[in-house]
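**Student:** Shown below is the structure under consideration.
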Amino acid sequence: MPCMDTANFQKTRVLVLCGARSTEHEVSLVSAYNIVKAIDKSKYEVFVVGIDKQGYWRQYSPNDFVINAEQGVGKVYLSDNHLSGRLAVSQSSNDIYDIDNNKIALTCDVIFPAVLGSYAEDGLMQGLIRMMDVPFTTSDVLGSAVGFDKDISYRLLKEAGLPVAKFITVRKGLSIPTYDETVASVESNTLFVKPANAGSSVGVSKVTDQNSLDQALELALSYDTKVVIQAAVVGREVEISVTGNIGKMKTSVIGEVIEKDANDFYSYENKYINSSNVELSIPADISHDLVEKISATAIRVCEVLECEGFGRVDFFIDRQDVIYINEINTMPGFTATSMFPRLWRESGVNYTELIDWLIRLAVERYENRVKPIVTDAGDIIKISNSIRAKY
0 MPCMDTANFQ
10 KTRVLVLCGA
20 RSTEHEVSLV
30 SAYNIVKAID
40 KSKYEVFVVG
50 IDKQGYWRQY
60 SPNDFVINAE
70 QGVGKVYLSD
80 NHLSGRLAVS
90 QSSNDIYDID
100 NNKIALTCDV
110 IFPAVLGSYA
120 EDGLMQGLIR
130 MMDVPFTTSD
140 VLGSAVGFDK
150 DISYRLLKEA
160 GLPVAKFITV
170 RKGLSIPTYD
180 ETVASVESNT
190 LFVKPANAGS
200 SVGVSKVTDQ
210 NSLDQALELA
220 LSYDTKVVIQ
230 AAVVGREVEI
240 SVTGNIGKMK
250 TSVIGEVIEK
260 DANDFYSYEN
270 KYINSSNVEL
280 SIPADISHDL
290 VEKISATAIR
300 VCEVLECEGF
310 GRVDFFIDRQ
320 DVIYINEINT
330 MPGFTATSMF
340 PRLWRESGVN
350 YTELIDWLIR
360 LAVERYENRV
370 KPIVTDAGDI
380 IKISNSIRAK
390 Y
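In numbering that gives the first Met the number 0, the protein residues as written are 0 to 390.
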């Protein structure tokens, strides 16, 4: 079990993970760079482990792990100047092992997995860290997996009575409805086609006819075997940051994403490559009642999907001021244009304070977690009987 004692000015050892075998590899690198730059070095000793596109883990200096990070997602890449060989982790240990040199490379108290997309924020990384028995800043395994899968999250939100635009789900190799059939099903002539498991609008297309649907499905199915086709909501797109553990969540001010081309949408390119195509209005110019409704709904989204720690919830507002949940992002980016930290900054929480908050929440969740009882069948019966005897 990791030691969280910071007495005698002992710094908490924070491991920042970045990279990974993901379509959002570069977004992760820039995010990690900003996190490492902003973290309070007087309180935390920072380690960096970069995961390359082949999936190998290596330790890097916090001062030299990425190249061209200031130039953005289109230019950044992982440095060749690693400090270790290939790394591995083990169950119930906060040690990270250098398997090429047969030694412990580093020991950490908290992990900040600044990794996005598949193999990263979809529950896989969280499961690995849970096996290590170390606190980490993101949602747990279930919340990460459910939040990442648009099909599952939409179904759960709908079941909970929360507003989600009509959608259908299709799978690779199975029958796929035509454009006209889909329009009839979701009651919209304009559709959005999305890989069920992808982030940052990767593989997302706007569709208005059969030809564009065919192209969109080919693109989306190249990223996932499951695809969501959803009715477009004509109106405004807003985002809100949520931070805290379940029962004690707080929301930021709301920001609006305004496309300069009314026919465009907030694509991967517009988020990270050509951000001049969009205008971000913070705080959004919406009524107090809508602010209250969106804030309350965002917290409810996190509760329903078992997401905690931090996240960003995106909404659409139609022309009648009806809100619809677009998605939750359980590991939002920390790039220069990323809304999550910007919304908190506009709410009075700066970058350094935000990172400190996320780390403290991770430790709180870890300390409150029910630890597994490792015992035999006889002891299980004794434990049950001792509890019954109290009542």
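All C-beta atoms in this analysis are idealised placements derived from N, C-alpha and C, irrespective of residue type, glycine included. In this text the structure is predicted, and so the values were computed from the model without any measurement.
1) Do you know offhand how far serine 280's Cα is from isoleucine 327's?
2) Distance check for valine 182 and serine 275, CA to CA, integer angstroms please.
3) Hey, glycine 246 and tyrosine 222: beta-carbon distance below 7 Å or not?
4) If you draw a straight line from the alpha carbon of methionine 131 to that of aspartate 213, how long is it in whole angstroms?
5) Over the uninterrupted beta strand (DSSP E) stretch that includes threonine 250, give me the two end residues.
6) Here's the rule I'm using: 16 or more other beta-carbon atoms within 10 Å means buried, otherwise exposed. How should lysine 40 be labelled?
7) What are the uninterrupted segments assigned as beta strand (DSSP E) that are 3 or more residues long and contained completely in the stretch 109 to 179, given in chain order?
8) Rounded to whole angstroms, how far is the Cβ of serine 184 from the Cβ of proline 176, which I believe are closer than 8 Å?
9) How close, in whole Å, do the beta carbons of lysine 165 and alanine 230 come, if the pair is a contact with beta carbons under 8 Å?
10) To which residues of the same chain is aspartate 99 closer than 7 Å at the C-beta, ignoring the five residues directly before and after it?
11) Going by Cα to Cα distance, which pick from Gly122, Thr334, Val140, Val133 is closest to leucine 28?
12) On the CB-based measure, 16 or more other CB atoms within 10 Å of its CB, does valine 237 come out buried or exposed?
13) Aspartate 179: buried (16+ other C-beta within 10 angstroms of its C-beta) or exposed?
14) Could you tell me which residues DSSP pairs with leucine 16 in its beta bridges?
15) In whole angstroms, give me the CA-to-CA distance for serine 89 and leucine 360.
16) Using CA coordinates, which residue listed in Asn101, Asp63, Leu342 is at the minimum distance from glutamate 255?
17) Measuring CA to CA, which of Ser346, Met330, Gly347 is closest to glutamate 23?
**Tutor:** According to the data block:
1) 20 Å
2) 32 Å
3) No, they are not a contact pair.
4) 44 Å
5) 249 to 258
6) exposed
7) 109 to 112, 166 to 170
8) 7 Å
9) Rounded, the Cβ-Cβ distance is 5 Å, consistent with contact.
10) Excluding the 5 residues flanking it on each side, aspartate 99 has same chain C-beta neighbours closer than 7 Å at Gly84, Arg85, in chain order.
11) The residue with the shortest Cα to Cα distance from leucine 28 is Thr334.
12) Under the 10 Å beta carbon count, valine 237 is surrounded by 16 or more other beta carbons and is classified as buried.
13) exposed
14) Under DSSP, leucine 16 shares a beta bridge with Val48, Pro112.
15) 24 Å
16) Leu342
17) For the residues Ser346, Met330, Gly347, the minimum Cα distance to glutamate 23 belongs to Met330.
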